[in-house]
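Data block below; observations after.
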Amino acid sequence: MTLAAHEQDNLLGKTRPTRESRMFNDQKMKLGIFSANCSGGIVMSDAPSGFRVTWDQQLDIARQADALGLEALVPVGRWTGFGGNTHVHAVCYETYTWAAGLAQATTDIEVFCTTHLPVIHPVVAAKMATTIDHISGGRFGMNLVMGWFTPEMELFGTKQLEHDQRYAYGQEWLDFAMRLWNEPGNFDFAGEYFNSTGAHAYPKPLQDPRPVLLNAGASPAGQRFSARNVDVNLIALPVDQIGGYVKNIKNLAHDEYERDIDVWTYCLVICRETEQEAKAAYRAIVDQGDWPGAQIVMDTLGIQSESFATQITSFKESFLTSWGGPCLVGTPEQVAEQFGELSDAGMGGAVFGFHDYVPELRYFGAEVMPLLRKYGLRH
Ligand SMILES: Cc1cc2nc3c(=O)[nH]c(=O)nc-3n(C[C@H](O)[C@H](O)[C@H](O)COP(=O)(O)O)c2cc1C
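Numbering-wise, UniProt numbering puts 334 at position 334 of the sequence shown, and it's gapless, one number per residue.
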């Protein structure tokens with residue numbers, strides 16, 4: 001087939017940049033801002049906060065993170081709130097359009113979307129991704145999610161696939177998108193979930209062969225999907241389980257798919273001048289916590305047990321504060337130390353949220369970032 005000149009330019013890489021994404025730099029502990037596009041962020045509580053999902057705040061957060069040298073902005077893909085008292089995540093920016101706007105407003109940070117594969121056709125997604133990749137100059141990434149919250153998927157009138165089948169579907173979705181991003185001319189795609197005649201997509205992404213990919217698969221099928229396809233697996237684990245988990249998934253990627261994968265955690269940061277103030281801020285979140293909301297999320301995730309009521313209460317508390325992930329609470333020194341513990345345990349990075357992103361990120365940049373450099377976690 002003969003390709004038009006502008007199609008050839010694309011395939012020969014003439015439009016592709018030589019820069020490497022910050023995601024692949026040599027920082028020991030990579031950092032990203034998580035969940036700033038959704039009301040509540042990763043906190044389910046009525047404790048007072050100035051955080052609002054407004055574009056002014058999004059710009060402020062993104063530009064601060066970019067200037068601080070952080071690696072990533074990772075949003076949450078959410079189509080409905082969870083109910084409870086705070087209706088957490090009910091106010092939420094759509095993430096491809098969010099990423100496009102922030103790509104234009106920043107210069108170096110990797111801007112991600114979080115995309116539910118069951119509800120966006122790969123032809124549309126691949127094209128949107130390429131467009132944002134061009135807007136950002138090759139700084140766009142995708143967090144691939146399969147959908148776990150049934151009411152959210154039912155909003156689209158689609159029936160949830162059985163758990164492991166969601167990952168089989170996700171694999172086919174990504175195989176199709178990869179061909180759209182890389183194959184010249186037209187091709188036919190015949191799969192179990194997608195059939196397309198004369199598929200093609202131009203331009204191609206600037207990043208070769210694809211945008212940076214994240215996935216938070218934790219189940220065996222999810223870990224396998226991550227190991228086979230993505231650059232970073234996201235997971236929160238007790239510190240003593242991190243080493244084994246990281247080793248296993250890295251081995252899986254290396255031995256079965258001949259590729260490398262990194263593992264990052266997610267967490268909430270509550271950093272104040274004194275330990276007492278930080279603990280009081282944590283306590284306020286818990287005391288005014290959205291316990292019914294946490295119960296809904298835990299029920300959906302199937303986290304129930306009557307015989308371990310105490311553990312369940314403390315787990316529920318960690319849902320209120322940080323979606324079940326770790327909560328780094330303390331002075332700048334103590335927070336930096338806790339990042340160090342996660343790094344020592346094997347985490348290559350962390351995406352994190354704040355109760356009130358704009359002022360707390362400013363404080364983090366001024367007080368914690370220098371300590372992370374002092375401890376050799378950043379340079
Ligand atoms: C850091 C992180 C971010 C996530 N973001 C989203 C999201 O934005 N939307 C969503 O529906 N699920 C999200 N999830 C849930 C995952 O997609 C996935 O359902 C979960 O990690 C369980 O995976 P598993 O079914 O393989 O055990 C996220 C999970 C983690 C750990």
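Here a beta-carbon is modelled for each residue, glycine too, at the ideal position from N, C-alpha and C.
Distance CB(residue i)-CB(residue j) smaller than 7 Å
i                 : j                : result
glutamate 110     : arginine 139     : yes
threonine 114     : valine 145       : yes
alanine 336       : leucine 371      : yes
arginine 281      : isoleucine 270   : In the sequence on display, residue 281 carries alanine and not arginine. Against a cut-off of 7 Å, the Cβ pair of isoleucine 270 and alanine 281 comes out as a contact.
aspartate 290     : phenylalanine 51 : no
methionine 347    : threonine 274    : no
valine 246        : asparagine 143   : no
leucine 68        : glycine 330      : no
phenylalanine 225 : tyrosine 167     : yes
glutamate 172     : tyrosine 202     : no
proline 216       : isoleucine 249   : Correcting the residue type first, residue 216 is alanine in the shown sequence and not proline. No. Outside cutoff.
isoleucine 132    : alanine 99       : yes
Alpha carbon of residue i to alpha carbon of residue j, nearest angstrom
i                 : j              : result
serine 305        : threonine 130  : Because the pLDDT of serine 305 is 49, which lies under 50, any placement of that residue in the model is unreliable, and the number read from its coordinates should be weighed accordingly. Their backbone Cα atoms lie some 45 Å apart in a straight line.
leucine 102       : alanine 62     : 7 Å
alanine 294       : lysine 316     : 6 Å
isoleucine 42     : serine 35      : 6 Å
threonine 313     : valine 297     : 14 Å
glutamine 176     : glycine 141    : Note that residue 176 is phenylalanine in the sequence shown, not glutamine. Those two C-alpha atoms are separated by around 17 Å.
aspartate 344     : methionine 29  : 10 Å
glutamine 288     : leucine 328    : 19 Å
cysteine 267      : isoleucine 235 : 10 Å
tyrosine 93       : threonine 54   : 9 Å
alanine 278       : leucine 155    : 39 Å
phenylalanine 82  : valine 123     : 30 Å
alanine 199       : histidine 134  : 21 Å
phenylalanine 319 : methionine 178 : 35 Å
asparagine 251    : alanine 5      : 43 Å
phenylalanine 187 : asparagine 195 : 11 Å
arginine 259      : valine 286     : 41 Å
Backbone secondary structure at residue i - three-state DSSP
i                 : result
asparagine 229    : helix
leucine 237       : coil
phenylalanine 315 : helix
threonine 197     : strand
threonine 274     : coil
asparagine 251    : helix
aspartate 260     : coil
valine 124        : helix
glutamate 183     : coil
serine 305        : Unreliable positioning characterises serine 305 in this predicted model, as indicated by a pLDDT of 49, which lies under 50. The coordinate reading is nonetheless provided below. Reduced to three states, the DSSP call for serine 305 is coil.
glutamate 110     : strand
arginine 378      : coil
Residues sharing a beta bridge with residue i, DSSP
i                 : result
tyrosine 169      : Tyrosine 169 is not bridged to any residue.
histidine 116     : Val145
lysine 30         : Gly349
asparagine 215    : Leu144, Asn233
threonine 265     : Ala350
valine 74         : Phe34
serine 45         : Gly289
alanine 329       : Before going on, a small fix: residue 329 reads as valine here, not alanine. According to DSSP, valine 329 bridges with Ile270.
phenylalanine 189 : Ser196
7 Å Cβ cutoff, residue i in contact with chain B
i           : result
glycine 293 : In the structure shown, chain B cannot be found, because there is only a single protein chain.
Ligand 1: which residues have Cβ under 5 Å from any of its heavy atoms, chain order?
-> Val76, Gly77, Thr114, Val145, Trp148, Ala216, Gly217, Ala218, Ser219, Gly222, Leu234, Tyr266
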